[in-house]
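I have placed the structure first, in the form of structure tokens, so that the comments after it can refer back to it.
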């Protein structure tokens, strides 16, 4: 389900004519067609021209054979092609009065071009301005921070994110985007999964959307997918699980299925942000991606971190990287969002069983990555390095900690800020995730989980077979238990 604003607040320009698309007939002296997608440099063909502002809506409707939705958006932004184009993202016509993108490898837009001279456009109705609240913004006007929360609906912790991240910036300077899969909560670390006390109750999408106001800008709640992973393409992945035949392969497949979902959700979340920028004409300064169960333990402004960012620099926590990058939280300056989020799932899809032909150009690169990575953390680092991004690992400035629900309360709100299903949360011990900030926290009812690393990994050092606990805990906890990093 895709959450959208009410129709009156869509921020589009609509024609005055009441006859619907029948009133959008372009002049007969111009034959409109769609230029190719994914151009290195946006241009019409030889002898062609792009539709101007007065022609754009009718031209898009004609060129798309009626597939366009009959709306037009007027923007001044570097995020879409210059001039008149058809957006496959929103289904609308776009007219960008700015210099726009030089080109793009994405297949989201097509220029609309004429094969003859200038049209009189006499039949194009004059455009009416959109409501003032969503009128096109001044060039370069900032939308502040985009917060992207991905994962599972049943694992969502919201209260700390509202109190210590969203409210710190305010609704005019932050936008929340969520992609949360519906279905039973799944934890790799079974020992930290509380199944009693209401912790497995899945809030409804409506509950989440209500609790996330006034910050929510877009949300998707997809069903669980099964990805046709080709295990032969991942020869070194999770070699610590080898030696148990099909049981080992099933465990590896489970992890890889989760990674595919993680990267697809990240891509969809970034796409929601891009659509919001297109809709408002504003541009975010940065995106922070936080996992569903990440607890923000203290007030936190990622914009302060990216203010001193170097070229192609992104930020993560300086712990639990396991020769890669910790995937608990990622802070990305706006210019790097497409590189950091928009291509990884397509790359992984290129080596699935019967991969999509559209992703074939990623195959060679992806095979070079999948043939050597051994964990999700190494996979994330390989993707970021492939995108020519540099990861800066910060030890004391990112107060986001891996959390677990320990009980649910009634009424279904904790403190003054609502948390869906009334769940209460705690932070994992240091072998699972570092603190990321100085204590004490400023969150009523939050604290460390009442468990220890020894309790999470029973039998280690006592003769238990490694597979007995490998089924229950992640590679990061296994490494800590084996003494490869300080607990």
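Residue numbers (this note's numbering): 797 to 1283.
Glycine is no exception: its CB is placed at the ideal position from the N, C-alpha and C atoms.
Nothing here was measured: the structure is a model prediction, and the numbers come from that model.
Does the Cβ of residue 1024 have 16 or more other Cβ atoms within 10 Å, making it buried, or fewer, making it exposed? exposed
Beta bridge counterpart(s) of residue 846 as assigned by DSSP: 909
Inspect the CB distances between the segment 1046-1054 and the segment 1128-1143 and report whether three or more fall short of 8 Å. no
Can you name the residues that DSSP bridges to residue 1129? 1082
Could you give the DSSP three-state label for residue 1048: helix, strand or coil? helix
Spatial distance of residue 1044 from residue 1171 (CA atoms): 14 Å
With H, G and I counted as helix, E and B as strand and the rest as coil, what does DSSP make of residue 1181? helix
Where residue 1103 falls, given that 16 or more other Cβ within 10 Å makes a residue buried: exposed
Quick test of your reading: residue 1194 and residue 1223, contact by CB under 8 Å. State the CB separation rounded to the nearest angstrom. Not really, about 14 Å apart at Cβ, beyond 8 Å.
So, helix, strand or coil for residue 969, using DSSP? coil
Which residue's Cα is closest to the Cα of residue 968: 946, 995, 997, 1009? 1009
Relative to the C-alpha of residue 1057, which residue among 946, 1131, 894, 965 is closest? 946
Compute the beta-carbon to beta-carbon distance between residue 972 and residue 1004, rounded to the nearest angstrom, for a pair I have assumed lies under 8 Å. Incorrect: roughly 10 Å between the Cβ atoms, too far for contact.
Top-ranked residue by Cα proximity to residue 898, from 1062, 1059, 1099, 838: 838
Distance check for residue 1144 and residue 1155, CA to CA, integer angstroms please. 9 Å
Boundaries (first-last residue) of the beta strand (DSSP E) holding residue 1222: 1219-1223
When you compare each of 1199, 1190, 1162 to residue 1181 by their alpha carbons, which one comes out closest? 1162
With a threshold of 8 Å, are at least 3 pairs of Cβ atoms found where one atom belongs to the segment 948-956 and the other to the segment 1088-1102? yes
Tell me which residues share the same chain as residue 814 and place their Cβ nearer than 8 Å to its Cβ, disregarding the 5 neighbours each side in the sequence. For residue 814, the predicted model reports a pLDDT of 31, less than 50, meaning its position is unreliable; a value from the coordinates is still stated below. For residue 814, where only same-chain residues beyond five positions count, there are no Cβ hits under 8 Å.
Here's the rule I'm using: 16 or more other beta-carbon atoms within 10 Å means buried, otherwise exposed. How should residue 1167 be labelled? exposed
Figure out for me which residue from 1113, 961, 1021 has the closest Cα to the Cα of residue 940. 961
Supposed close pair residue 1079, residue 1185 - CB separation, criterion 8 Å: That pair is no contact at about 19 Å.
The alpha helix (DSSP H) that contains residue 1159, what's its start and end? 1159-1166
Taking the alpha-carbon of residue 872 as reference, which of 890, 889, 894, 953 has the nearest alpha-carbon? 894
Applying the 10 Å Cβ sphere with the 16-neighbour rule, what's the burial state of residue 1035? exposed
Chain-order list of residues whose beta-carbon lies under 8 Å from that of residue 953 (same chain, five-residue window excluded): 1088, 1089, 1090, 1091, 1199, 1201, 1215, 1219, 1221
Residue 864 and residue 888 look like a contact to me (Cβ under 8 Å); what is the Cβ gap, rounded to whole Å? 7 Å
Report all residues from its chain with a CB closer than 6 Å to the CB of residue 1106; omit the five preceding and five following residues, and keep chain order. none
With 16 as the cutoff for other CB atoms within 10 Å, does residue 1011 come out buried or exposed? buried
Return the chain-ordered list of same chain residues with a C-beta closer than 6 Å to the C-beta of residue 1169, the five sequence neighbours on each side being excluded. 1175, 1178
With 16 other CB atoms within 10 Å as the buried threshold, where does residue 957 fall? buried
When 903, 880, 1189, 999 are compared against residue 1122, the one with the closest alpha-carbon: 1189
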